[in-house]
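A.B. asks: Attaching a single structure in structure tokens format; questions to follow.
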DNA sequence: TTATTTGGTTATCAAATGATAAGTAAGAGG
DNA sequence: CCTCTTACTTATCATTTGATAACCAAATAA
């Protein structure tokens, strides 16, 4: 097996994934928030409730910056902070109802672009896609 | 076929791809250039020679900003600009030898992390990966 | 009880990025 | 020849981001 060839394939593959996810998610974020803030919201949306440190790890930013961005999101009424009853240093963060609406709209729009993209596929195609994603996620893109 | 399930799978899949490419490419860029500049160099490396407008399209930035970043890369002696002999408005950009060295080092380092990641795989596993990438790239992550 | 560590905030500063306006020079179309 | 368009540059400005230092309060360890 030619591992160099496989590596080249990986390079081109991840470029494609990045490009297509860019196309799918283009313009779904409202003007009122920055790209980083949108990413944080996405992060919260898929794994709420989260703590600031968890967001911090996923986003690869420094705590002070995470804290700042969270405050901004809080000011914009998109998230809510609760303090943990057991460990009062910890904060637990979730989307506010306004935030839920925003992210719901975003995901719906991404979903509909996705449906467009797969609209002409047969059931076998779709099952093939599913299997292929499973394989790659388990064997190559595991964490 | 449940398309919503497939969509969820896609969301989680692309998150994984992003995370793993982050890990593979972490710290390969020298301190002397910014993230954006590194991305531009990657772009040039895989499809040189390129014109500023082509880079501009791929990078989703505005022409003035692209131009600025290219000048900076040029000042750092990482790229070279030639003007097209046919159409003198156009510029053709390639890596300088210093730029080649830099990107070569970067790709080698990414490659070695990739090899680590696949080191325990059988030939069948690798062929499976290859097929899976082909399928996804052709059917879902096409441009 | 007294450190020390953990989880987080606030303030501040430099640097990077994004966006706009205005300009130049070469090619294309009339 | 005279416009118009294309490809790109320069200058400038506001905003975002990244990084650092200093701080606080709760939890933990000594």
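Chains as they are written, first to last, in the working numbering: chain A, 15 to 157; chain B, 15 to 157.
Yeah, the Cβ is synthetic: ideal placement off N, Cα and C, and Gly gets one too.
1. Jot down the residue ranges of each uninterrupted beta strand (DSSP E) in the stretch 65-129 of chain B, minimum 3 residues, whole runs only, in chain order.
2. Provide the residue span of the alpha helix (DSSP H) that contains residue 43 of chain A, from first to last.
3. Looking at the C-beta of residue 96 of chain A, does it have a partner C-beta in chain B at a distance below 8 Å?
4. Run the CB neighbour count on residue 56 of chain B, radius 10 Å, all protein chains shown included, and call it buried at 16 or more, exposed below.
5. Starting from residue 149 of chain A, trace the alpha helix (DSSP H) both ways and give me its first and last residue.
6. Looking at the secondary structure, which residues open and close the alpha helix (DSSP H) in which residue 51 of chain A lies?
7. Please tell me whether residue 118 of chain B has its Cβ less than 8 Å away from any Cβ of chain A.
8. Compare the C-beta of residue 75 of chain B against all C-beta atoms of chain A and say whether one is closer than 8 Å.
9. For chain B, find out if any of its Cβ atoms is closer than 8 Å to the Cβ of residue 17 of chain A; answer yes or no.
10. Sort A:157, A:156, A:141 by Cα distance to residue 153 of chain B and report the nearest one.
11. Closer than 8 Å by beta-carbon distance: list the chain B residues that pair up with residue 141 of chain A, in chain order.
12. Does residue 28 of chain B come within less than 8 Å of chain A when only Cβ atoms are used?
C.D. replies: Taking the definition as stated:
1. Segments of the beta strand (DSSP E) lying fully in the stretch 65-129 of chain B: 93-97, 105-109.
2. Within the first chain, numbered from 1, the residue matching residue 43 of chain A stands at position 29. Per DSSP, residue 43 of chain A lies in no alpha helix (DSSP H) segment and is marked neither H nor E.
3. Within the first chain, residue 96 of chain A is the residue found at index 82, counting from 1. Judged by the 8 Å Cβ criterion, residue 96 of chain A is not in contact with chain B.
4. Position 42 of the second chain holds residue 56 of chain B. Counting Cβ neighbours within 10 Å, residue 56 of chain B comes out buried, since at least 16 surround it.
5. In the first chain, counting from the first residue as 1, residue 149 of chain A sits at position 135. Annotation for residue 149 of chain A: the continuous alpha helix (DSSP H) segment containing it runs 137-153.
6. What you label residue 51 of chain A is simply residue 37 of the first chain in a count that begins at 1. Following the DSSP letters along the chain, one finds residue 51 of chain A inside the alpha helix (DSSP H) bounded by residues 49-61.
7. Residue 118 of chain B sits at position 104 when you count from the first residue of the second chain. Residue-level contact by beta carbon fails for residue 118 of chain B and chain A, as no gap is shorter than 8 Å.
8. The count along the second chain starts at 1 and reaches residue 75 of chain B at position 61. For residue 75 of chain B, the closest Cβ of chain A is not nearer than 8 Å.
9. Position 3 of the first chain, counting from 1, holds the residue named residue 17 of chain A. It does; some Cβ of chain B falls within 8 Å.
10. Taking the first residue of the second chain as 1, we reach residue 153 of chain B at position 139. It is A:141.
11. Here residue 141 of chain A is taken as the residue at index 127 of the first chain, counted from 1. Those within 8 Å of residue 141 of chain A in chain B are 15.
12. Translated into the one-based positions of the second chain, residue 28 of chain B becomes position 14. Yes - at least one Cβ of chain A is within 8 Å of the one on residue 28 of chain B.
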